[in-house]
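Structure record follows, encoded as structure tokens.
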Ligand code: SIN
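Residue numbers (the numbering used here): -19 to 289.
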């Protein structure tokens, strides 16, 4: 049975999967949204972790304006050098760039499960991604609910996860010697985060293990590399169990808005060989420094906190 929550404002929130994801209709993101609408979208985001809008006729300016209603908007990315002119907040996710920047054909910058930029001591609170050019099929994105992943762990594993800190670091995804490669090396981002973070708005606990950023170091404080690797593999697989996920088929004008404190996502690598372009635009909201269940904060090892305006 489909549950539809219709708000007093006429927004419909339709869940899309058992643990995560809802489609919101009845809102035009070009509009100057009032506080009540913003509050409803925020409530849906807190509940469903990722929300989707279809057929939105917005460009960079409207996307940034929409994002600003929910927090401070960061620059595009700590390593981004060529945002669209006049829009330093916009990160193009553009298959046409990757052959030059990354040295190989691909449809997104990363095809592993990750939470955005967790190598920062204050990873973004949320991301908003808008689709523009898409292959006729393929190139979907999936999200997983890290709160469900934590809550469904056996108590003994939750107790262990509550106590450990994991090293997150930026993996060099750049053609060697390229401008991007230099920039990644200069601004090396490394942080330790609690494996379980407490969400500052909902108080929920999330299994904060971002495989794409923890795979390089494979380091849990206090454990040997071999022990770290085996524990991480267990936590990664729990965080990305199929039942906690939702998969989204993009169309031009689709927008996904996800809580980066409670989800990880995966750009599915099934379209590069089709030879079609895939272009989306992302903005991120400034995040807080994560706190573990005992209140301990993440620790910066290298790089700077990432602030927005
Ligand atoms: C992202 O990781 O922010 C982009 C996901 C995608 O390309 O589908």
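Even for Gly, the Cβ is constructed at its ideal location relative to N, Cα and C.
It is roughly 24 Å from the alpha-carbon of residue 25 to the alpha-carbon of residue 278. Distance between residue 289 and residue 276, taken at the CA atoms: about 26 Å. Going by C-alpha positions, residue 13 is about 45 Å away from residue 211.
In this structure, residue 107 and residue 191 do not form a Cβ contact; the two beta carbons are roughly 17 Å apart against a cut-off of 8 Å. The alpha carbon of residue 5 has as its nearest neighbour, out of 29, 122, -3, 35, the alpha carbon of 35. By a beta-carbon distance limit of 8 Å, residue 113 contacts residue 258. Their separation comes to about 7 Å. With 5 Å as the limit between CB and the heavy atoms of the ligand SIN, the residues that fall short of it are 73, 88, 121, 247. Residues of the same chain with a CB within less than 6 Å of the CB of residue 220, apart from the 5 flanking positions on each side, are 93, 124 in chain order.
For residue 50, there is no enclosing alpha helix (DSSP H), as DSSP marks it with neither H nor E. Residue 143 carries a helical assignment under DSSP once its states are collapsed to helix, strand and coil.
The region 165 to 174 makes contact with the region 280 to 289, as at least three CB pairs between them are under 8 Å. Inclusion of residue -1 and residue 128 in the CB contact set at 8 Å is warranted, their separation being smaller than that value. Annotation note: the region 206 to 273 contains the following uninterrupted beta strand (DSSP E) runs of length 3 or greater, listed N- to C-terminal: 225 to 228, 235 to 239, 243 to 247, 259 to 265. Taking a cut-off of 8 Å on C-beta distances, the region 262 to 270 touches the region 172 to 183, as three or more cross pairs fall below it. Per DSSP, reduced to three states, the secondary structure at residue 184 is coil, with no helix or strand assignment.
Of the other Cβ atoms in all chains shown, fewer than 16 fall within 10 Å of the Cβ of residue 80; this residue is therefore exposed. Ranked by Cα distance from residue 179, the first of 216, 239, 202, 161 is 239. Beta-bridge analysis with DSSP links residue 94 to 245. Distances from the alpha-carbon of residue 200 to those of 232, -8, 147, 120 put 147 closest. Shown here, residue 125 sits in a strand according to DSSP, grouped into three states.
Residue 254 sits exposed, since fewer than 16 C-beta atoms from the chains shown fall within 10 Å of its C-beta. With a cutoff of 8 Å on beta-carbon distance, residue 236 and residue 115 are scored as not near each other.
Of the residues assessed, residue 62 falls on the exposed side of the cut-off, its CB having fewer than 16 other CB atoms within 10 angstroms. If you look at residue 172, you'll find it in the beta strand (DSSP E) that goes 170 to 174. Annotation for residue 5: the continuous beta strand (DSSP E) segment containing it runs 2 to 5.
Between residue 265 and residue 54 a beta carbon distance of about 7 Å is seen, short of the 8 Å cut, so the two are scored as contacting. A distance below 6 Å between beta-carbons, with the five flanking residues on each side excluded, links residue 57 to the following residues of its chain, in chain order: 71.
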